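Comments concern the structure below.
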Amino acid sequence: MSTSRWVLKRCGAPSPARKNNGRQTLHRCAKRIALELPFTEHCWPFGPEFDVFKVGGKIFMIVSEQRGRRFVNLKSDPQKSLLNQQIYRSIEPGYHMNKKHWISVYAGDDITPSLLADLIGDSWNLVVDGLAKKDQKRLRPT
């Protein structure tokens, strides 16, 4: 099952009656999606308030909350990052990250499970693309 289809089936969008659950759903779905990707490592190197997801020893996603706002930080292609920030009001430059190469995704009506899955998949692929060729072959499913 593709990552996008898995998310739509397992995470779904929060019901309008439970609006305050949207932030929890964002975190829960992001974690589930990331853990479905091959060779993903989940750790807490910055403390228990930062869920960090790595592939090949490199970070591709951080899930946390700062100042009452839950967010998901993801690696992003600089051009796609700017475009996504223009299209989706819930996507901003990466919180406490390199603003050119990272985005922060916040809960919002414009963030669908399939969009979240695509953004996480893109982040995972960007990190793997930056690894040595031998590591890329080992990490990417054929």
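Quick note: the sequence shown, position 141, residue 140 per this note's numbering, numbers continuous. No residue lacks a Cβ here, since even glycine has one placed at the ideal position from N, Cα and C. Only a predicted model underlies this, so the values are computations on that prediction, with no experimental measurement involved.
If I'm right that residue i touches residue j with Cβ under 8 Å, what's the distance once you round it to whole angstroms?
i: W101; j: N72; result: 6 Å
i: F70; j: V104; result: 6 Å
i: D109; j: R88; result: 6 Å
i: L115; j: I58; result: In fact, because the Cβ distance is near 17 Å, the residues do not count as touching under 8 Å.
Could you give the distance in angstroms between the alpha-carbon of residue i and the alpha-carbon of residue j?
i: Q91; j: L130; result: The sequence shown places Glu at residue 91, rather than the Gln named in the question. Whole-angstrom Cα-Cα distance: 26 Å.
i: F38; j: Q85; result: 32 Å
i: D117; j: L25; result: 14 Å
Suppose the cutoff is 7 Å on Cβ atoms and the five residues either side in sequence are ignored; what does the same chain contact list for residue i look like?
i: K30; result: D50 and V62
Relative to the C-alpha of residue i, which residue among the options is closest?
i: R66; options: A33, Y94 and F45; result: Y94
i: L145; options: H41, G56, I32 and C28; result: This structure leaves residue 145 out entirely; the chain is present only between 0 and 141.
Would residue i be called buried (16 or more neighbouring beta carbons within 10 Å of its own) or exposed?
i: L36; result: buried
i: G46; result: exposed
i: K132; result: exposed
Under 6 Å Cβ to Cβ from residue i, same chain only, skipping five residues before and after it: list those, please.
i: K99; result: P77
i: L125; result: K74
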